[in-house]
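Under UniProt numbering, the first residue of the sequence shown carries the number 1, and numbering increases by one thereafter.
Ideal Cβ positions, reconstructed from N, Cα and C, are used throughout, including at glycine.
The block underneath contains the structure these notes are about, expressed in structure tokens.
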Amino acid sequence: MQIGDPVSPEIATRTQASFARQGLMAYLGAEMTEVRAGQVTIRLPFRPELTQQHGFFHAGGTSAIADSAGGYAGFTLFPEGSSVLTVEFKMNLISPAQGEYLEAIGRVIKSGRTLTICQLDVWGVAGEARKHVATGMQTLICMKDRPDMPAAG
């Protein structure tokens, strides 16, 4: 399987179910819009509550969706029964984050047995216009035989 290839329905369901257990993503109003092998897209619609003092998306929200997009990109390649944790990530905020929504794309650069490296990119989208607002790198660890906590119910 190559990065960007379609995933099985089982992997898509497992990835979406894990994302749905993230309280922060639900609180922010983020949604996972695409799941491919080693590549995940997360969208964050604009709301005034997500801004900083100049009216741009806050770096915390920008970084959070980038972190989750990369984490789940890696997760799509991990074995069943495992989970994902971020070990480290760095973001460069390259332009004010503004638009109708932000779109974070996480893409696996190298998948290893234990550590996985991802490229993170965030775009501000307004109508047909897309502006690159942040880029970064991330290291993930595959938590073998340590599945996510059960969904709250």
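- Sort F56, N92, V108 and Y101 by Cα distance to I42 and report the nearest one. Selected option, being the one with the closest Cα: Y101.
- Query: Any idea which residues DSSP pairs Q119 with across the strands?
  - Reply: Answer is R107 and M137, bridged to Q119.
- Message: Assuming the contact rule is C-beta atoms closer than 8 Å, R107 and Q39 should be a hit. Round their C-beta distance to whole Å, please.
- Response: Right, their Cβ atoms sit about 5 Å apart.
- Where do the N-terminal and C-terminal ends of the alpha helix (DSSP H) with S63 fall, by residue? Unbroken alpha helix (DSSP H) run through S63: A59 to F75.
- Task: Please state whether DSSP places G99 in a helix, a strand or coil.
- Result: Residue state, collapsed to three classes: coil.
- Could you name the residues that DSSP lists as bridge partners for V125? Beta-bridge annotation (DSSP): V125 is paired with Y101 and R130.
- Task: Tell me whether the beta-carbon of G74 lies closer than 8 Å to the beta-carbon of D145.
- Result: Contact flag unset, no.
- Does R130 have its Cβ less than 8 Å from a Cβ in chain B? As a matter of chain content, chain B is missing from the structure shown, which is built from one protein chain.
- Message: Can you give me the C-alpha to C-alpha distance between D5 and S111, rounded to a whole angstrom?
- Response: The alpha-carbon atoms of D5 and S111 are separated by roughly 15 Å.
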